[in-house]
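Residue numbering for the sequence shown follows the UniProt record's numbering, beginning at 1 and increasing consecutively. Backbone N, C-alpha and C define an ideal beta-carbon position, used for all residues, glycine too. Remember, predicted model here, so these are calculated numbers, not experimental data. The next block holds one structure in the form of structure tokens; read it before the comments.
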Amino acid sequence: MMGEKKSRRKKRRSTRLPSHQSLASPEQPERAARLRLQLPAMEIFTKQLNSIDIERGLVLPPDSKLESLPPFHGARTIVLSTMVDVQSAAGITTLPGVEPVPIHCSTRSGNLAFTRGWLGIARYAGLGSGDIVTFYQEVNGGAQYKMIVRSVG
């Protein structure tokens with residue numbers, strides 16, 4: 001019986017991490033950085049565009065998670081620092097020039113709408129009715145928000 005206990009102890013000890021794989025290893029900060037990069041962003045809204053969204057400004061849908069936007073504090077407009085990816089049949093591209101793009105979010109007829117910044121994105125990407133926009137709050141990175149526009153045409 002003594003021999004059985006010793007062999008069990010040996011098994012338990014063998015499941016411990018070797019000293020070179022301890023939790024305090026120098027590889028941990030790099031691993032933590034990689035994990036942070038993979039954190040999902042929180043979706044604020046997804047919308048299928050119509051002609052008014054493209055010509056006058058993107059009106060946020062009623063089911064948008066507005067608590068993710070900064071407060072207006074009495075102002076009519078807030079500026080959202082946004083990274084933009086354009087997905088099409090040709091692949092994924094990022095807008096050239098200024099990164100991140102400042103998108104102005106304004107109150108219009110009791111609704112929130114993206115105006116300045118958004119209209120340039122719509123023109124550059126050649127968006128049309130039926131295309132889809134998804135807007136996220138970023139967990140990390142230089143910009144606070146991310147927009148993915150998908151051209152279906």
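CB of residue i within 9 Å of CB of residue j, strictly
| i | j | result |
| --- | --- | --- |
| residue 221 | V149 | Because residue 221 is not part of the residues shown, which for the chain are 1 to 153, the question remains open. |
| S151 | A75 | no |
| Q144 | S51 | no |
| S68 | I44 | yes |
| V101 | V86 | no |
| S129 | L60 | no |
| C105 | T134 | no |
Cβ distance (whole Å) where residue i is taken to contact residue j below 8 Å
| i | j | result |
| --- | --- | --- |
| residue 166 | R123 | In the structure displayed, the chain extends from 1 to 153; residue 166 sits before or after that span and is not available. |
Classification of residue i by the beta-carbon crowding that lies within 10 angstroms, buried from 16 upward
| i | result |
| --- | --- |
| V79 | exposed |
| E55 | exposed |
| E30 | Here the model assigns E30 a pLDDT of 49, short of 50, so the residue's position is not dependable, and the following value carries that caveat. Exposed is the call here. |
| M42 | exposed |
| S22 | Any reading at S22 is ruled out, since the residue's pLDDT is 36, under 50, leaving its predicted position unreliable. |
| A32 | With a pLDDT of 41 at A32, under the threshold of 50, the modelled position of this residue cannot be trusted; read the value that follows with caution. With fewer than 16 other Cβ atoms within 10 Å, it is exposed. |
Option in the options with minimal Cα separation from residue i
| i | options | result |
| --- | --- | --- |
| T46 | E138, I132, I54, V139 | I132 |
| G153 | T134, G110, L127 | L127 |
| residue 178 | E99, N111, G110, E138 | Lying before the first or after the last residue shown, residue 178 is absent from the chain, which here runs from 1 to 153. |
| D53 | Y136, N111, V139, E138 | N111 |
Touch test, the region 115-132 against the region 61-75, Cβ-Cβ under 8 Å, three pairs minimum: no
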